[in-house]
Every structure is written in C-alpha cells, then in structure tokens.
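If you read the sequences in order, they're chains A and B.
Quick note, in the working numbering, the first sequence goes up one by one and the last residue is 1600.
Quick note, in the working numbering, the second sequence goes up one by one and the last residue is 512.
Following: one structure in structure tokens, then a few remarks.
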Amino acid sequence: MTQITANTAIEESLGARAWRWVRAVNPVYLIALALLVWVGIRNPVFFQPDNFLTFLQRATPLMILTAGQVFVLVSGGFDLSVGSVVTSTVIIGAILANNDPNATWWVILALLLGGFIVGLVNGAVTTFLKVPSLIATLGMLLIAKGIGLFWSGGAPRGYLPDNFRMWGRGGIEGLFGLQDFPYAVIVLVVFGVGYWLLLHRLNYGRQLLALGDNPRAARLSGVNVNLVRISAFVICSMTAVVAGVLLGGRGGVSIEAGTGLEMQSIAAAVLGGTMLLGGRGSIPAAMTGALALELLFTLLNLMGLPKPLRDAVQGLIIIGAVAYTAYSTRRTR
Amino acid sequence: MKPLRFLSLLLIALLMLALVACGGTTTTTEEPVEEAAGEVEEAAGEAEEAVEETGEEVAEAGAGLGMEAAAVASEFFSQEELDNSIRLMDVTPEGPEGEPWNQALEPNFIDTTQYAKEGPYTFCFSNAGVNNPWRVVGYNTMEAEVELHPEIEEWIHVDAEGNDEKQIADIQDLVASGNCDILIVSPNTTLALTPAVEAACEVLPVVVFDRGVQTDCPATFVQPIGGYAFGYTGAKFLADNLPAGANVVALRILPGVDVLETRWAAAKQVFEEEDLNVVEVQFGDGNNDKVKTIITDAIQKHGQIDGVWMDAGATAVAAIEAFEDAGAPYPVINGEDQQDFLVKWQEEGLTAIAPTFPTFQWRTAVIAALKVLQGEQVPDPWRLPQPAVTQDNLEQFVQPGMPPLHYAMCGCETMPDFPERWGGTASE
Chain A
1268 MTQITANTAI EESLGARAWR WVRAVNPVYL IALALLVWVG IRNPVFFQPD
1318 NFLTFLQRAT PLMILTAGQV FVLVSGGFDL SVGSVVTSTV IIGAILANND
1368 PNATWWVILA LLLGGFIVGL VNGAVTTFLK VPSLIATLGM LLIAKGIGLF
1418 WSGGAPRGYL PDNFRMWGRG GIEGLFGLQD FPYAVIVLVV FGVGYWLLLH
1468 RLNYGRQLLA LGDNPRAARL SGVNVNLVRI SAFVICSMTA VVAGVLLGGR
1518 GGVSIEAGTG LEMQSIAAAV LGGTMLLGGR GSIPAAMTGA LALELLFTLL
1568 NLMGLPKPLR DAVQGLIIIG AVAYTAYSTR RTR
Chain B
85 MKPLRFLSLL LIALLMLALV ACGGTTTTTE EPVEEAAGEV EEAAGEAEEA
135 VEETGEEVAE AGAGLGMEAA AVASEFFSQE ELDNSIRLMD VTPEGPEGEP
185 WNQALEPNFI DTTQYAKEGP YTFCFSNAGV NNPWRVVGYN TMEAEVELHP
235 EIEEWIHVDA EGNDEKQIAD IQDLVASGNC DILIVSPNTT LALTPAVEAA
285 CEVLPVVVFD RGVQTDCPAT FVQPIGGYAF GYTGAKFLAD NLPAGANVVA
335 LRILPGVDVL ETRWAAAKQV FEEEDLNVVE VQFGDGNNDK VKTIITDAIQ
385 KHGQIDGVWM DAGATAVAAI EAFEDAGAPY PVINGEDQQD FLVKWQEEGL
435 TAIAPTFPTF QWRTAVIAAL KVLQGEQVPD PWRLPQPAVT QDNLEQFVQP
485 GMPPLHYAMC GCETMPDFPE RWGGTASE
C-alpha cells in the first residue's frame, strides 16, 4: 500500500504534485489569498497595518455572522432571519438607548436576550412544529423586521450613544504602535476562537455535526437532538445581535443595516465548504469565506464598475467559487 | 444518491447566489429615497455616466458602453428645465410670509368653481407608500394638516406599499366607492399611474403631488422646484467653497430614478464648469455601512478628499464619520435636512449646506384640495419654493429631541401634537 503511493508520487511531475497539494487545501483559502493579492495590487496601501485593520473591522460583522450561521447550517437548517435581526438590533437599540451612555450596557443585554428569544422561537418552531427552517426563519425575518419598524413608527428614531457605537467604530489607541486597534477585531478573534472550540473541539460540536449528517443515527446514539438543534438557532440569532451591535456602531442608525446579510452569510459559509443540508462545515473556512466575500466587494468597488455590472460580476464570481468548492470537496470526501 | 445530492446542493447554491446578486438591488429600491420618484427607467444608462467620471482605469472598462449610455442619459436631462430650475431658485415666492407651504412660485391661478361643493367633505388619498423616512415625515405632516380643517369630515388613506399595480387598483376602488369628494394622489411611478389618474379625473377632482403624471387632467399639481435645484445647490456650494482641482466624491443612491438623475445631472454640469476633480462617483444604496466603505476606500486611494456631494442626505453622517475614523480633515459637504446631519454640522462646525426636497409639500396637497372643493382659485401647477438649510438659518432647523431622520423642512413645528406625532420628545 505504502509502496504503491510512494511509486506514484515519484512518477508525478512537480507540477502535478503541486496541483495535488493545492487541491488538498480547502479552496476558500486560495480564493481569499488570490483576492487579497488582487486587492493589494489595485490598492498598494491596503496592506499598511492601519488600513488592513480598518478593512478587518469592516469585515467583522459578516465574518462572525457567518460563523453563527454555520451552526445552523451544519445542523441541517437555514437561518434567513439574521438580516432582519441585525436591522432590528440597530433600530431597537437606538430607541432603547436614546443617546444615554448609561443605558448602553443594559440595552446590549436586552438585545442579546431578544436574540436569545428569536433563536428559541426559530428552533422551537422548527423542532416541535416541524416547520422547515427555511419557512420558519423566513417568517421570523418578517416578524423581526415588522416589530422593529412598527416600534419605531417606520423611520428610525433615537441615537446610539458613543459607548455603544465604540464596539463597531472605535479602537484602542496606540496598541502595538498602531493608530487604532479596533475593538471589532478583538471581538472577531474572541468569536472566531470560541466558535472554533465549540464546533471542532467540544462534544457539543460533534453532536451538532452528527445531527446534521443523520438525525436518526444521532438520536439513537444518545444525542439530545431537540436541545442541540434549538441551541444552534439560539447561537445564530445571538451572534446576529452581536453583528448588529457592531454594524450599528460602525454605520449608525439605519433601516438598511442588515439588508441582504442572510444571503451573504449563507453564501460565505458555502464558499467556505459548509454543506447545505448539514453534516459538514468548518468555522475557520466559513469565516475565510466571509472575508473573501468582503474582499470581493472591496475589489469591485476599487475597480469602479457601475453597480448593475458589479452585481452581475459578483454573482458570477460567487457561483464560480462555490462551484469549484463544491467540486473539490466532493472529490476529497 | 451522491450525484443527486451534489446536484441539489449546487442548485440550491445557485439559487441563493442569484438572490445575493440581485438581493442588493431589489431590497434597496424599496428604500429609494423619499421623493425618489418617477419611472425607474433603464438603469444601465445613467450608471455609465458614473464610469465616465471616475477616471482612466474605469474609462477603459466601459468606454464602449459610454457612448451608448450617453444617448440614454440625455433622456433624463433637459438643459431647458435645468436652466429654468436655477432661475426659479431666485424667484421670490408669492404667498404668506414664513409659510412656504402656502407660497407659490410664479403662480398661474386657475378657476375651480366647476368643482365647488358644500362641506363637510370626504378626502381620499392614494399614497405611493410610507416606506422611507421622508414619506413617514410627510405623511405625519399631512395627517396633522387634515386635523386642522374641521370641514374634512372623513380622511381615507390607502397605502400602495410602493407597488404600481396596487396603487392602480387602489385608485379604481376609491373612485368606484363613490365616497370621495376629492382624490389626492402621490403616484408611485409616472407612466404607470397616468391612465388610472386620467380615469379618476372623469369622475371627481384630483390633486397630484410629489411625483407627476403625464396628463393635465388633475385640478392642480403640487411640486417643489425639483431635482435639478437640489443637485445644483449642493454642487454650487462645493464649487464656491473649494479651489478648482479639488478632489470631490459624488455619492448617489441608485441609478435610473428620474428625480435622482436630475440631481446628478445638475451637479455634474457644475463640477465640469467649475473644474472640480470628481475622483469617484459611487452608488451607496442609501446604506450607511456601504457609504462609509466607499469614503474610507476613496481616502485611502486618493490620499485626500476635499468635498463630498450627495444626491440624498440619509447617509451623510456616515460619510462624515468615515473622515473622522480615517483621521482626515472634514470635507466640504452637502447633506439634506435630516436632523442627524444638521446636528453633526452644528456640533462640528462643518462647512456644509442642506438642500431640501421639502416635506411641507404634503401639507400643500391638502390645502390645494380644500381650495379646489371650495371653488377658490389655485395655482396650476403649484410650484413650491425649495429652501435650503444654510449656515445662516441652521440654528432654526436644529431641533433637539427629534428623531435622527426627521426632515426639518416639514413646516410642522406649529401643528397639533408637535413633536410627539413626528416621533420627537418635547423635553429638550
């Protein structure tokens, strides 16, 4: 056995070996790297530490949102409600805080509680009422957006205080000799490492993956299927609240804050090799997928393509990337 | 099983990506600005104008399209109307001092005795939508105006939710009900609503405002000077406060909406005449986050941005914050009359101006309708003044306690239930 592989390896040309190595790596990393280089060529100052951190700050909400989405995706579901949870977080946060810096902490806690409840409802409806998650969360999309807009009377009211906004906007001055080390990047690292541990190193992650792969087998092997599935939705919704706090911090109050994020987060996760319908996914790869998506947006912006063309190019590139990912993950399966 | 599963996965992925790709545009067109009016025509056309302006590398990308686009763009543009708009900005309005909603520019009064009727009245209003902050402020103002007139016994409001088909059906239903003494229409799009308005005119008096229709049949048409004046005011202010050759970023919401195209057309002409260096023309979709990204990238790419022109102000504060976060000096900027921008302007002592598309026109529509039913003379068209917030009158329009996206040019400060009706608090 070893003899045979050794022989074939010797017979392979250098190019073929490199190609094999390339194929073994999750393609999302190569895609991200290629985009990174491309952006760097278009904009040489992009790699200056301050500029790059600004970019990471911008990419953080989508990256952690994608990580949260992965939990639901690997369990075999979808969460379409994250975009409107983000929007509602921003709108309701502004109403509750109403520019009072003392209110910030309880408002963030209240919002997280709201996210917890949304996730609980999503999970419970999917689990106990047997409504497909695509429909359950589609309903939640409308409910969350509706509540946010109704409460605000159709137009955002109130402001987010500065200490609420600092998470998405501010940073630690002078850390590592940098102008500003964004808080958002710290949040990114914490969530990245935490979710990686949770999904890939802890028993909970194994149960979740088993559930997504084959719910029946998971149940028979003693996994509390309902609890695990519901918790995945809760993690996703609460992550959406965190992303909303960051986005509201970065951009301020807007009813557009979360527009399109549900699709972007799912696309990013798929780009990172997460399997729709469950059973397979990786937090680092999915977050890199989100990074790649943000890089793509930046690149298309830098190229100055008119918007309609930009949308079309974006769609094409994403389809190509996902098709390639799907192709190569199928081969390595 | 395996190939099937792979196929379905790919299919779902494709579907989703198609959604991502169009998601951006479909969801944002809902928001389009306030007044964002008229027929959303071919988008491709105007978008090319952006290409033309954004510099060499881009010019390469779409040079061929540029030619074709220029032709389409001209459909949005009328030099005559632009010149007329600029002229109207200097015309002194006729009407009661300090009540711009009751004033008219160069009014051509028409006789309405044919519509005269005894009160009390039932007013019916077919609204294009209440789907953005500008329309929310406008509609709140309109309801307050209705309350000021006891002669209006019943007020029937139908919201078309930004949908042409629904609005056509709404108008037909209102007319068929026979309850309406007069119909006020704020059309969703110009071309689609014209036949419905024409049909309504045959049965009862109609007042159109905000966006127009292509027929003279309504009793009167209420409209401020329009998009050219908005774009011109902002661009001219930039030109007056910046040296020739200064770097300017132009931020637009989305292509293909006529009132927004006219704003840009007027600004573009000013920038060309005054030799400002427009380094970027970008569509921000009315999204704070996206606008912040555009400005941050522009500062990185061009080193220094001296001025920012916007075709609508909802994202002005995000644009200003991008300068703060980049540690760059504030630009000369135009926003709009939203509170958050005015507050920021005052706090930071910006060099700024806020052209408006005044929300007080929602009052005027009700006033005009009442005059028509009472057989009084009304101007047709009723051209409203379109004042700008400037450094001189800024203080008057900064209203603490009002929501960030409250449009200050509502003429609503003395109306019943101000400020609560508009989401504000009286405390401060």
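Note that beta-carbon positions come from the ideal geometry of N, C-alpha and C, so glycine has one too.
Bear in mind the structure is a predicted one, so any value in this text is a computation, not a measurement.
Within chain B, no residue has its CB atom less than 7 angstroms from the CB of residue 1493 of chain A, the nearest being about 25 angstroms off.
By the beta-carbon neighbour count (other beta carbons within 10 angstroms, threshold 16), residue 1488 of chain A is exposed. Put simply, the CB of residue 1336 of chain A is far from chain B, with every gap to its CB atoms at 8 angstroms or more.
Residues of the segment 1512 to 1535 of chain A with a C-beta less than 8 angstroms from any C-beta of chain B: 1514, 1517, 1518, 1519, 1520, 1521, 1522, 1523, 1524, 1526, 1527, 1530, 1531, 1533 and 1534, listed in chain order. Legend: CB atoms of the segment 1467 to 1495 of chain A lying less than 9 angstroms from CB atoms of chain B are not found in any residue. Beta-bridge partners assigned by DSSP to residue 208 of chain B: B:240 and B:267. The continuous stretches of beta strand (DSSP E) do not include residue 309 of chain B, and DSSP gives it neither H nor E. Bounds of any beta strand (DSSP E) do not take in residue 181 of chain B, whose DSSP letter is neither H nor E. Interface flag for residue 1316 of chain A against chain B is unset, since no Cβ pair is found closer than 8 angstroms. When C-beta atoms of the segment 1393 to 1401 of chain A are compared with those of the segment 1438 to 1458 of chain A, fewer than three pairs fall below 8 angstroms, so the two segments do not count as touching. If you draw a straight line from the Cα of residue 1582 of chain A to the Cα of residue 1536 of chain A, it comes to about 15 angstroms. According to the DSSP secondary-structure assignment, residue 418 of chain B is paired through a beta bridge with B:437. Annotation for residue 201 of chain B: 265 and 457 place their beta carbon closer than 7 angstroms to its own, counting only its chain and skipping 5 residues before and after. Contact note: residue 378 of chain B reaches chain A through 1568, using a C-beta cutoff of 9 angstroms and chain order. At a Cβ-Cβ threshold of 8 angstroms, residue 422 of chain B and residue 491 of chain B count as neighbours. Within 8 angstroms of the CB of residue 1450 of chain A, no CB atom of chain B is found; the nearest one sits about 13 angstroms away. By the rule that beta-carbons nearer than 8 angstroms mark a contact, residue 361 of chain B does not touch chain A.
In the same chain as residue 1436 of chain A, and ignoring 5 residues on each side of it, the C-beta atoms closer than 6 angstroms to its own belong to 1516 and 1517, in chain order.
For residue 1287 of chain A, the uninterrupted alpha helix (DSSP H) segment begins and ends at 1281 to 1291.
Within chain B, the residues whose beta carbon sits less than 7 angstroms from that of residue 1312 of chain A are 384, listed in sequence order. Taking the C-beta atoms as reference points, residue 210 of chain B is found nearer than 8 angstroms to residue 258 of chain B. Assignment of residue 463 of chain B by DSSP, reduced to helix, strand and coil, places it in the strand class. Per the coordinates, the alpha-carbon of residue 1402 of chain A lies some 28 angstroms from the alpha-carbon of residue 1326 of chain A.
Between residue 466 of chain B and residue 304 of chain B the beta-carbon gap is near 5 angstroms, inside 8 angstroms, which marks them as a contact. Closest in alpha carbon position to residue 468 of chain B, among B:255, B:327, B:506 and B:293, is B:293. Under the 8 angstroms criterion on CB atoms, residue 487 of chain B is classed as interfacial with respect to chain A.
Around residue 445 of chain B, the same chain offers 185, 222, 293, 294, 306, 307, 308 and 468 as residues with beta carbons nearer than 8 angstroms, after the five sequence neighbours per side are excluded.
At a cut-off of 8 angstroms between beta-carbon atoms, residue 1591 of chain A makes no contact with chain B.
Using a Cβ-Cβ cut-off of 8 angstroms, residue 373 of chain B counts as an interface residue toward chain A, since at least one Cβ of chain A sits closer than that to its own.
Residue 1558 of chain A and residue 1329 of chain A have their alpha carbons spaced roughly 8 angstroms apart.
Annotation: residue 506 of chain B is outside any alpha helix (DSSP H) and is labelled neither H nor E by DSSP. Using a CB distance cut-off of 8 angstroms, residue 279 of chain B does not count as an interface residue toward chain A.
Around the beta carbon of residue 1475 of chain A, 16 or more other beta carbons sit within 10 angstroms, so the residue counts as buried. When C-beta distances to chain B are compared with 8 angstroms, the residues of the segment 1410 to 1443 of chain A below that value are 1419, 1420, 1421, 1422, 1423, 1424, 1425, 1426 and 1436, in chain order. Residues of chain B with a Cβ closer than 7 angstroms to the Cβ of residue 1321 of chain A are, in chain order, 380.
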